[in-house]
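Accompanying notes for the structure given below.
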Amino acid sequence: MEEMKMNAISACARAGRRAALILLALAIGNDVRAQQTADQVRSELFAVKQVVPGVWAFIVKPRTPGLAVSNTAVIEIGDKVLVVDSHLTPSAAREAARLIAAITGNKSVRYLVNTHWHPDHVQGNSTYSSAFPAAIDIIAHINTRRDILALEIPFLKDQKQLLPRQIADIKSQLAIGKKDGLPFTDAQRRQLEAQLAQGEALLKEIETLEITLPSLTLDRSMSLHAGEREVRILYFGRGHTEGDVVVFLPKEKVLVTGDLLTNS
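Numbered continuously in the numbering used here, the sequence shown closes out at residue 622.
Right under this line is the structure:
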């Protein structure tokens with residue numbers, strides 16, 4: 359009888375060790391996956407902040423090259439994703455798309471909202487359309503679509519012509535090394551060199567860029583639903599532009615304002 363007890367105790371101990379090893383393996387696996395996700399969401403351009411479960415803010419980091427400019431919001435809607443604003447350049451939009459895949463487990467972007475027509479909110483549209491060609495709707499107010507056609511597209515065309523002249527002018531100034539007959543200070547030279555680098559980088563981004571227009575427009579409001587999540591896109595009249603919309607999650611009490619609220 360005593361031997362049977364010892365065998366039972368030994369079997370229980372072995373089972374306990376196996377269970378402990380399984381739990382340890384699961385914990386290590388979870389830690390590895392968490393570290394992999396953390397590594398994937400590291401970005402030189404954006405700080406990724408979770409606002410509430412399934413909602414993130416991509417905040418442009420200070421002192422980064424001016425190729426993103428605007429922040430963005432990422433909202434899970436069921437098995438899809440809604441993104442608010444697409445940044446100034448294709449490279450910024452590509453970086454945002456990479457981060458979205460990392461934090462959502464490769465969910466597809468289904469909706470992209472342009473809060474208004476300014477370049478730093480719409481010039482990444484084509485990147486999202488290319489990355490998710492099967493089913494992506496770009497949503498904006500009717501005035502925003504109108505102003506992209508009337509204002510943003512001509513502005514982009516002008517930039518493609520103006521930037522090469524500005525770059526040539528900065529190179530000439532640096533070659534001369536003087537301003538108003540006086541040699542550049544170190545600070546002045548560094549400033550010009552930074553402007554040159556930014557101008558050349560921006561020109562490379564926009565040389566072949568074409569703007570993708572919104573495919574869905576609203577005049578007052580619209581709502582999207584998936585499970586318990588509701589996303590409202592709301593227009594209150596003229597603000598920063600004639601077409602500003604905000605994105606509101608009523609249950610979570612999260613509001614994405616575009617440029618109706620800024621830090622300057």
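For glycine and all other residues, C-beta sits at the position ideal for the given N, C-alpha and C. Please read all numbers here as calculations on a predicted model, not as lab measurements.
- R587 is bridged by DSSP to A584.
- Collapsing the DSSP output to three states places R548 in a helix.
- Annotated three-state conformation of E434 is strand, per DSSP.
- Counting along the chain, the unbroken alpha helix (DSSP H) around L514 starts and ends at I511 to I534.
- For T485, the enclosing alpha helix (DSSP H) stretches over residues N483 to A489.
- Contact check between the stretch 479–487 and the stretch 449–463: three or more CB pairs, one atom from each, fall below 8 Å, which counts as touching.
- When the Cα atoms are used, H598 and V442 turn out to be separated by approximately 16 Å.
- When Cβ pairs closer than 8 Å are counted between the two stretches, the stretch 566–573 is seen not to touch the stretch 461–468, the count staying below three.
- Beyond the five residues adjoining it in sequence on each side, E610 comes within less than 6 Å, by CB distance, of V410 in the same chain, given in chain order.
- Bridge partners of H499 according to DSSP: L576.
- Residue range S466 to V471 is occupied by the beta strand (DSSP E) that includes S466.
- In the DSSP assignment, V605 falls within the unbroken beta strand (DSSP E) covering V603 to L607.
- Taking a contact to require three or more Cβ pairs closer than 8 Å, the stretch 489–508 and the stretch 569–589 qualify as touching.
- When DSSP reads this structure, L571 sits in no beta bridge, so it has no partner.
- Per DSSP, the beta-bridge partners of F404 are V418.
- In the DSSP assignment, L613 falls within the beta strand (DSSP E) that extends over V612 to V614.
- I534 is not a Cβ neighbour of L554, given a cutoff of 8 Å.
- Note on geometry: alpha-carbon atoms of L507 and G463 lie some 35 Å from one another.
- In the DSSP annotation of this structure, L619 is not part of any alpha helix (DSSP H), being labelled neither H nor E.
- Where H476 is concerned, there is no enclosing alpha helix (DSSP H), because DSSP gives it neither an H nor an E.
- Counted as a single uninterrupted DSSP element, the alpha helix (DSSP H) harbouring L457 occupies residues P448 to T462.
- At a Cβ-Cβ threshold of 8 Å, S401 and E563 do not count as neighbours.
- Contact between V432 and L446 is ruled out by a C-beta separation of about 18 Å, above the 8 Å threshold.
- Judged by their CB atoms, P541 and E510 are not nearer to each other than the 8 Å cut-off.
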